[in-house]
Amino acid sequence: MIGIVMIMIGLLLSSIDINAVILAVYPEYHVIKDDPQLGEVIQRYVADNMLGDYLRLDLMSDLVGYVFMAIGVAMLIKYNKKFVGVYIPLLLTAVLYVVVRISPFIIPADKLVVYALALSFVQLLVEILMEKKLVYSFADATADIPNQRDTTLMKFGWIGAALCQAFLYFIVLVGLAQWIIIVYMVVRALFMLFCLDRMFRCRHYLGKTERD
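The opening residue of the sequence shown carries number -16 in the numbering used here; numbering runs sequentially from there.
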């Protein structure tokens, strides 16, 4: 039971971003205006909309969420060994999360935009993979026949949240209106809450169907 709650808190924290507190100001970096592969427009979008000028503190910290997920997974491995496969993408997601945010301090200015774009895209893919492994491993561990409806709906909620997360990445990248970003963030949060509600409903079936 505690393991499920830890995972639920972790997924919730990682799906809601409230960057409100400025921790540090990034050093000045310039846009590579003569790059034939990316072009000036894409580089400006990355610099202005994805990196910004400040290192900010996320009040719903993704890193804390990853820690909760790691602890929760450790508690549930006995019910499904597939949970072990969550740890590598989870660790990689956490590392990439930190690296992307401190990249203006450690990557030369003339290479920053290219590296930040590549690293953030890899982070997106790895995080989605990690969440898929986590949700589907939980569904597999609670796949008793009377519970199949809730496990299916749980997967549906996660898929909706993952699609919104992918759309948000590109919406932020191209710098669409703030209200569009907020709408997608709210919809993503609602999909995730639906997923977590179904996950909590599945708790009574955990361990009834043990699979390697």
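Here a beta-carbon is modelled for each residue, glycine too, at the ideal position from N, C-alpha and C.
Reduced DSSP category for residue i - H, G, I as helix; E, B as strand; rest coil
i        : result
Leu38    : strand
Ile(-1)  : coil
Thr125   : coil
Met(-16) : coil
Ala145   : helix
Leu107   : helix
Ala160   : coil
Leu136   : helix
Leu102   : helix
Tyr188   : helix
Phe183   : helix
Glu193   : Only weak support is given to the placement of Glu193: the predicted model assigns it a pLDDT of 45, under 50, and the value that follows is read from those uncertain coordinates. DSSP places Glu193 in coil when its eight states are reduced to three.
Cross-strand partners of residue i (DSSP beta bridge)
i    : result
Val8 : Tyr37
Closest by C-alpha distance to residue i, when choosing among the options
i      : options                           : result
Tyr70  : Phe88, Val50, Ile89 and Leu6      : Val50
Asp0   : Val118, Val155, Pro91 and Leu159  : Val155
Leu6   : Asp41, Asp31 and Arg27            : Asp41
Asp180 : Trp141, Met168, Gln161 and Val166 : Trp141
Arg184 : Leu117, Gln106 and Met137         : Met137
Ile164 : His187, Ala172 and Leu151         : Leu151
Gly143 : Asp123, Phe177, Gln131 and Ala122 : Phe177
Pro10  : Asn63, Gly(-7) and Ala30          : Ala30
Ala122 : Ala172, Ala160 and Leu189         : Leu189
Asp36  : Gly48, Val96, Asn63 and Phe139    : Val96
Pro129 : Met52, His187, Gln26 and Ile(-13) : His187
Asp133 : Met52, Ile25, Ala53 and Met182    : Met182
Val8   : Ala53, Ala126 and Ile85           : Ile85
Val105 : Ser44, Val81 and Ala126           : Val81
Gly48  : Ile25, Glu114 and Ala101          : Glu114
Ala145 : Gln131, Trp162 and Leu107         : Leu107
Residue j beta carbon less than 8 Å from that of residue i
i       : j        : result
Met175  : Leu(-5)  : yes
Leu34   : Pro91    : no
Val83   : Ser103   : yes
Ser38   : Pro72    : A small fix is needed here, since residue 38 is Leu in this sequence, not Ser. Their beta carbons are not under 8 Å apart, which means Leu38 does not touch Pro72 by this criterion.
Ser120  : Lys61    : no
Cys147  : Val170   : yes
Ile(-8) : Met58    : no
Thr135  : Val109   : no
Gly68   : Met(-11) : no
Asn201  : Ala124   : Lying before the first or after the last residue shown, residue 201 is absent from the chain, which here runs from -16 to 195.
Tyr28   : Val157   : yes
Ala160  : Ser(-2)  : no
(request) Enumerate, from N- to C-terminal direction, the unbroken beta strand (DSSP E) stretches of 3 or more residues contained entirely within the segment 24 to 92. (result) The qualifying runs are 37 to 41.
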